[in-house]
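Chemist: Before I ask anything, let me first share the structure, which is written out below as structure tokens.
Numbering (UniProt numbering), first residue to last: 1 to 221.
What follows is the structure, encoded as structure tokens:
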């Protein structure tokens, strides 16, 4: 309710399934290929003649490359992948790379930071503690929660570890809560990572005011 769709387009009903499947597969391909680039989201917009990919990252310089060479190469790879999937090649294809200015408030980037720390064999408790402390100092963040599941620290028996700071109100649609799942691939198995970041309420609450004429409280949404 609080965010737009990651794929935005209209299509002939006969082609809808192909486009949707193509979006999912291309997005999965890019998420795998760009792992380590601190990607937040990959959005796809289509019109009759144009297609636009919007990649949001906290490290745009690495993606764009020197003189835009990285972006040009990535653009060609996306088009090749679309051809391979049988998706029509657009007349006008644009790749837009946008910087995430507040990465510690982005659940996808934070989840990858945790995965990166775990894959470097750092103690898992230290990793989540340090990262949650960074998250809580980020602009606009009012709460954070991290859950790790798996053979933590290489233990024989899988278990779940959780760390939470601030509030994560799940009972209201107004709460701007960013959520992401990630996984860290270890030599002894996979560790699941879940991250919740609460960034306050989207709509400002209106305090009731007493009407001079009717003497009744007015307010609400």
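Glycine included, C-beta positions come from ideal geometry on N, C-alpha and C.
What residue from 161, 190, 200 and 139 has the CA that sits closest to residue 167's CA?
Modeler: 200
Chemist: If you follow the alpha helix (DSSP H) that residue 95 is in, where does it begin and where does it stop?
Modeler: Run containing residue 95: none in the alpha helix (DSSP H); it sits in the beta strand (DSSP E), 92 to 99.
Chemist: State the beta-bridge partners of residue 161 as determined by DSSP.
Modeler: Beta-bridge annotation (DSSP): residue 161 is paired with 148.
Chemist: For the 8 Å Cβ check, are there 3 or more pairs between the stretch 159 to 175 and the stretch 131 to 149?
Modeler: yes
Chemist: Return helix, strand or coil for residue 4, following the three-state DSSP convention.
Modeler: The three-state secondary structure of residue 4, taken from DSSP, is coil.
Chemist: From the DSSP output, in three-state form, read off residue 129 for me.
Modeler: helix
Chemist: What is the rounded straight-line gap between the Cα of residue 151 and the Cα of residue 184?
Modeler: 11 Å
Chemist: Exposed or buried, which one is residue 157 when buried takes at least 16 other CB atoms within 10 Å?
Modeler: exposed
Chemist: Pair every Cβ in the stretch 50 to 58 with every Cβ in the stretch 85 to 102, then say whether three or more of these pairs are closer than 8 Å.
Modeler: Enough Cβ pairs lie closer than 8 Å, so yes.
Chemist: Counting along the chain, where does the beta strand (DSSP E) carrying residue 185 start and finish?
Modeler: Element bounds for residue 185: 175 to 186.
Chemist: Any contact between the stretch 124 to 138 and the stretch 173 to 183? By contact I mean 3 or more CB pairs, one from each, below 8 Å.
Modeler: no
Chemist: Report all residues from its chain with a CB closer than 8 Å to the CB of residue 18; omit the five preceding and five following residues, and keep chain order.
Modeler: 86 and 87
Chemist: Specify whether the stretch 109 to 123 and the stretch 68 to 80 touch according to this definition: at least 3 beta carbon pairs, one from each stretch, less than 8 Å apart.
Modeler: no
Chemist: Measuring alpha carbon to alpha carbon, tell me which of 190, 11 and 41 ends up nearest residue 118.
Modeler: 190
Chemist: Tell me the DSSP secondary structure of residue 143 in three-state form.
Modeler: strand
Chemist: With DSSP collapsed to three states, give me the class of residue 212.
Modeler: Caution is warranted here: a pLDDT of 40 is assigned to residue 212, below 50, making its placement in the model unreliable, and the coordinate value is therefore given only provisionally. Coil, per DSSP.
Chemist: Which residue's Cα is closest to the Cα of residue 79: 131, 136 and 23?
Modeler: 23
Chemist: Quick check on DSSP: helix, strand or coil for residue 156?
Modeler: coil
Chemist: Is the CB-CB distance between residue 140 and residue 105 below 8 Å?
Modeler: yes
Chemist: When the Cα atoms are used, what is the spatial distance from residue 26 to residue 81?
Modeler: 7 Å
Chemist: Expressed to the nearest angstrom, what Euclidean distance is found between the alpha-carbon atoms of residue 89 and residue 122?
Modeler: 44 Å
Chemist: Restricting to runs no shorter than 3 residues, where is the beta strand (DSSP E) found entirely within the stretch 28 to 68?
Modeler: 39 to 46 and 50 to 57
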